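Accompanying notes for the structure given below.
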Amino acid sequence: MTEQPTSCERPDPGATPADAPGAFPPAPAHGPGPAPSASSAASDTAGHGAEHSQPHAGQESGPDTHRPRPAAEGIPLQPAGGRKPDVHDHPAADHPAADHSAAAPPAPRGAPEEQADRKPGDQDRTDRDRGSQDRSAPVPEGPERRTGQITPPGKPTPMRRDGDRLRFVGAATRRIARGIDLEEIVMGLCRATVPTFADTILVYLREPLPVGDERPTGPLVLRLRRSDRIPAERDTEGGFVPAAAPAPSELDSLGSERCTVRPGSALAEVLRGVRPVFTDAPAARAALPELLGEGAESAVPDGQRAILAPLRGRRRVIGAALFLRGPDRIAFEADDLLVAAQLATHSALGIDKAVLYGREAYIADELQRTMLPENLPRCTGVRLASRYLPAAETARVGGDWYDAIPLPGSRVALVVGDVMGHSMTSAAIMGQLRTTAQTLAGLDLPPQEVLHHLDEQAQRLGADRMATCLYAVYDPVAHRITIANAGHPPPILLPIGGRAEVLRVPAGAPIGVGGVDFEAVELDAPAGATLLLYTDGLVESRLRDVWTGIDQLRDRLAATAQLTGPDHPPPLEALCDEVLDMLGPGDRDDDIALLAARFDGIAPNDVAYWFLEPEDAAPGRARRLARKALSRWGLEDLSDSVELLVSEVVTNAVRYASRPVTLRLLRTDVLRCEVGDDVPQLPRLRQARATDEGGRGLYLVNRLARRWGATRLSTGKVVWFELNHGN
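Here it is in structure tokens:
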């Protein structure tokens, strides 16, 4: 509901509450009957020193003389009965009461004699009489009664009263406060100001904007952030009805893009003063060339038609706003400086908070981004795809995570977890748990042991640090998967041509409970099957419980698999998108992490595996076995390189091993060789001296292999390298 402005003038000292600005006249108490005549109301008003009485010709104007008020482009036209009658509304010749008041000048307002002559209820009767007149008196056409300017039909009347200004400031500050980010706040200031308060506004902001308590470095540079003038469309939001768009003027191109505020300059002094000033003041006039550019100050209208308002945040000045009115509009008044100060203060504080909010959102987003894997690894025998969705655009942080960790023996660990809550604290705890899981996975611990150590780590972080987690290890050679669960929703397996199946995995207790044993199960992982790991945000909401969501997810996976036929699995990326489509539009209750793994596996005829006794003849035997395997696979062109590298790695293993050494060759898209022993110390690449007899084996591996590495196991270590092949 939009409040319409009244026509009450500013209250004078000693006025009764009935004269307050914006007060509506009370209902008549005398009941139905003929309304008092205009002449009697005018004489009654003059006799009691009404607030609208004005000095007559020949008298000097006192301090209460009304000055022209600015034309409020957005204030609606006053209705026919929306203002009180004024002695200046009609010629004196038409009203005998005017002659009576001219013969006897009215007593000063609020004088003791006048208050003593009044009887209780006189003022109320006077106001009621005025109200009855206002409802029947038409609004005269012609010049506007205070400015003398012609008001065309449909053009808003000026803001003549403090009530108008208060209503405008209230509506403008509400519009500014609706903005969250920087652009919304600046746009709210411009849209609220133009055309109601000014014809044109220029908003300059510091570049870069300081954040919080940080002290800016370098010179003060202002950049023109936005420049608005009266738009062509009609914007009726907030009850303001703008006038028709004026013709293009030189104000359209006013303002330079950037300006540097020199210390001690006129612009620096105006900004340091903080308070808005008219640009006809000497200091402000001297500051315009520095702000707008040389020669642009001539486009600023003369007189009090421009206000320069510094924008000061919590700590320092962060910009400036320039309000301008064209020559065809009433100039600003001293009271308009207070309006400009209110607009500048609310806008500056809003910008300050928006910058702080933007920095917090950036930090939270970067924290979440760094906590999650940027790219999934390329693992042998498995293809991976993932998705992460925050709970909302305004809360992009959460405790959900996923991970894929390569393990020795071409295995891969698949992890998905969910920390309680979705805040920066949850994201920080998630990062610590994810790092702990990566460290434990590097030790090649069983899945149940990994969850046990994660539970201990969560208890060290705090008593209320709770999380759910599912840890699975896939072996592409054995086509098996081992899964341990800590209170997480069960995974779903989608085989080729089969029905989606919810795997029966012991639920376990969440991480952080303490004193709970975790159990692992080993299941078949057939080639071509897809394993889907997810967090509860995908299947649980206010409208459905978790098991209903799991059934819907299983049906969605089965329906998607039928689209590609019984002999071909659905593409992983498209499958992830189909899964997320089941959420539908609207806000989510929780963030979502999704990890999909397609099991390709490694065929048995692409694997060669041997045990070698730790003796001097082991390197020679390893070279012969590798040559036979390469010949069977048709990779004879790699024989020389493979024999040399295998000999070097096996020689280093048998030198320190006390148990049999393992040698395995895997043929996938690359040729991979793995040598394992029972010594936990990892080899390091170093530069051998000219007098050293050894120490060059890893140097050769580093120069000839595509990739190489060493991984510590619970029973020793594995050294591996990869070579490209043409098949």
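Note that the sequence shown covers residues 693 to 1419 in my numbering. Every residue, glycine too, gets a C-beta built ideally from N, C-alpha and C. Computed from a predicted model, the values in this text were never measured in an experiment.
- Proximity to Y896 across V953, P887, T865 peaks at V953, based on C-alpha coordinates.
- Each of P1183, R1364, V1341, D1259 was checked against the Cα of A1288, and the nearest Cα belongs to P1183.
- Nearest neighbour of R1172 by Cα position, chosen from A976, T1160, M879, F1291, turns out to be F1291.
- Inter-segment contact for the segment 1230 to 1237 and the segment 1141 to 1153 is absent: fewer than three beta-carbon pairs are separated by less than 8 Å.
- Residue pairing for F1015: DSSP places it in a beta bridge opposite I893, I999.
- Per the C-alpha coordinates, the member of V1342, W1400, D1092, L1267 positioned closest to L1317 is V1342.
- Rounded to the nearest angstrom, the Cβ distance from T892 to R921 is 4 Å, consistent with a contact under 8 Å.
- Cβ-Cβ distances below 6 Å link S1339 to P1311, R1315 in the same chain, with the five nearest sequence neighbours on each side left out; the list follows chain order.
- Per the coordinates, the alpha-carbon of V1104 lies some 25 Å from the alpha-carbon of A1253.
- By the Cβ neighbour-count rule, V1238 is exposed, with fewer than 16 other Cβ atoms within 10 Å of its own.
- Following the DSSP letters along the chain, one finds E875 inside the alpha helix (DSSP H) bounded by residues 874 to 885.
- Per DSSP, reduced to three states, the secondary structure at A1219 is coil, with no helix or strand assignment.
- Boundaries of the beta strand (DSSP E) harbouring G1368: 1363 to 1369, taken from the DSSP string.
- In the three-state reduction of the DSSP assignment, E1052 falls in the helix class, which pools H, G and I.
- In this structure G1073 touches S1102 by the C-beta definition: roughly 6 Å separates them, less than 8 Å.
- Excluding sequence positions up to five before and after G1179, its CB lies within less than 7 Å of the CB of T1160, A1199, G1200, A1201, P1202, all in the same chain and listed in chain order.
- From the listed residues G1091, D1092, A1096, G1090, the smallest Cα separation to A1077 is found for A1096.
- Nearest to L894 by alpha-carbon distance, out of S919, N1177, D1136, is S919.
- Annotation for A1300: A1321, L1357 place their beta carbon closer than 6 Å to its own, counting only its chain and skipping 5 residues before and after.
- Rounded to whole angstroms, the Cβ separation of P968 and A1036 is 6 Å, and the two are in contact under 8 Å.
- Residue state for G1109 is assigned as strand, using DSSP reduced to three classes.
- Distance from the CA atom of L1186 to the CA atom of V913, rounded to whole angstroms, is 60 Å.
- The DSSP-derived three-state label of R1021 is coil.
- Closest in C-alpha terms to P974, from the list S1333, V962, L983, comes V962.
- Where L1415 is concerned, there is no enclosing alpha helix (DSSP H), although the beta strand (DSSP E) around it starts and stops at 1408 to 1415.
- Collapsing the DSSP output to three states places G1073 in coil.
- Assigned with DSSP and collapsed to three states, R917 falls in strand.
- Here N1067 carries a coil assignment [DSSP, helix/strand/coil].
- Judged by beta-carbon spacing, A1285 lies within the 7 Å limit of V1108, meaning their Cβ atoms are closer than that value.
- In the structure shown, P993 adopts coil according to DSSP, grouped into three states.
- In the structure shown, I1188 adopts coil according to DSSP, grouped into three states.
- For V1410 against V1353, the beta-carbon gap comes to about 11 Å, at or over 8 Å, which does not count as contact.
- Distance between C1365 and E1414, taken at the CA atoms: about 6 Å.
- Straight through space, the alpha carbons of P1100 and V1208 are spaced by roughly 28 Å.
- The DSSP-derived three-state label of V1213 is strand.
- About 6 Å separates the Cβ atoms of I877 and A1046, confirming a contact at the 8 Å cut-off.
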